[in-house]
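Peer 1: Chains as they are written, first to last, in the working numbering: chain A, 184 to 294; chain B, 486 to 603.
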C-alpha cells in the first residue's frame, strides 16, 4: 500500500541554519505530495504541495521538489528562524480522497 | 483561507461516559470530512471518512460502534466516543474537503481536540 517515510526526529538547529527534512514515498501511479506543518497547540496547516513530477512547491521560504525518479519530496529552507519550530508532516494523496502521512519530524530552532 | 473549527479543544471525562466532538467548516461546504487520531509524537492515523448524508467509512481496525460519526450537513460532522476508556485518550483531528465543481478540493484541518479519559 501507499506509504510515506520521513527522517527521524527530533531535529535541532540554530537560527539561520540550512534545513533539510527528507521524505520518500511508495505509491503506484502519480500521487500529489504535500508538506504540512503543525505549530504547538494548533492543527495542521498546508505548507506546500506539488502535484506532478518535477514540480516545485514553495511557501514561506520552504521548498520541496517532486522527484519521481527517487520517489522523494525533501523539504528545504535556506535560513531557518525560531518561528519555524514545529512538527512537519510529509503526505501523499493518490486518489484525491485520503491523505497518507509520514510519522512527522519535530523541528526545534534555537536562537 | 478556509477555516475548520473543532469543539471542544480540550475535554476530560470519566471512564464509561460518552464524549462528542464537533467539526465545522465555517466558510465553505464540505462534501467529505475525515477524522484522524494522533498519539503523542506520532503521525495522524485516519479513522474514518464521512460524506454528507451517508454512513461513514471506517478504516480497518477502527470500531464503528465505539467511534460514532455523523455528517448531518455540509458544514458539520461529529465524532462521538462512546463508553470512553483511558486508552481512548488521544488528540482527535478532523479535516474537511471543500466542495468544488470538479476535481479534488483542498483539505483544511481543524485545530484538534484533546480527549483525556480518567
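Even glycine gets a Cβ: it sits at the ideal position worked out from N, Cα and C. Note that the structure is a prediction, hence the values are computed from the model and not measured.
Do we get a CB-CB distance below 7 angstroms when we pair residue 507/B with the residues of chain A?
Peer 2: Taking the first residue of the second chain as position 1, residue 507/B is located at position 22. Not closer than 7 angstroms to any Cβ of chain A, the Cβ of residue 507/B fails to qualify, so no.
Peer 1: Listed from N- to C-terminal order along the chain, which residues in the segment 525-547 of chain B have their beta-carbon within a distance smaller than 8 angstroms of any beta-carbon of chain A?
Peer 2: 526, 527, 528, 529, 531 and 534
Peer 1: Using a Cβ-Cβ cut-off of less than 8 angstroms, list which residues of the segment 225-240 of chain A approach chain B; keep chain order.
Peer 2: Those residues of the segment 225-240 of chain A that come within reach of chain B (Cβ to Cβ, closer than 8 angstroms) are 225, 226, 227, 228 and 229.
Peer 1: Starting from residue 489/B, trace the beta strand (DSSP E) in both directions and tell me its first and last residue.
Peer 2: Numbered from 1 along the second chain, position 4 holds the residue referred to as residue 489/B. Taken as a continuous stretch (DSSP letters only), the beta strand (DSSP E) holding residue 489/B covers 489-492.
Peer 1: Decide if residue 556/B is buried, meaning its Cβ has at least 16 other Cβ atoms within 10 Å, or exposed.
Peer 2: On the second chain, residue 556/B is found 71 positions in, with the first residue counted as 1. It counts as buried.
Peer 1: Confirm, please, whether the CB-CB distance from residue 275/A to residue 283/A is below 7 angstroms.
Peer 2: Numbered from its first residue, the first chain carries residue 283/A at position 100. Numbered from its first residue, the first chain carries residue 275/A at position 92. Result yes, Cβ atoms of residue 283/A and residue 275/A sit closer than 7 angstroms.
Peer 1: Between residue 517/B and the rest of its own chain, which residues show a CB-CB distance below 6 angstroms, the 5 nearest in sequence each way excluded?
Peer 2: Translated into the one-based positions of the second chain, residue 517/B becomes position 32. Within the same chain, residue 517/B has close Cβ partners 536 and 582.
Peer 1: Name the residue from 549/B, 559/B, 507/B and 534/B whose alpha carbon lies nearest to the alpha carbon of residue 567/B.
Peer 2: Numbered from 1 along the second chain, position 82 holds the residue referred to as residue 567/B. Comparing Cα positions, the closest option is 549/B.
Peer 1: By the three-class DSSP mapping on this structure, what secondary structure does residue 572/B have?
Peer 2: Stepping through the second chain from its first residue, residue 572/B is reached at position 87. Three-state result, residue 572/B: helix.
Peer 1: Determine the DSSP secondary structure at residue 238/A, reduced to helix, strand or coil.
Peer 2: Position 55 of the first chain, counting from 1, holds the residue named residue 238/A. Residue 238/A: coil per DSSP, three-state reduction.
Peer 1: Mind checking if residue 513/B is an interface residue toward chain A, Cβ cutoff 7 angstroms exclusive?
Peer 2: As a working mapping, residue 513/B is identified with position 28 in the second chain. Taking 7 angstroms as the CB threshold, residue 513/B stays off the interface with chain A.
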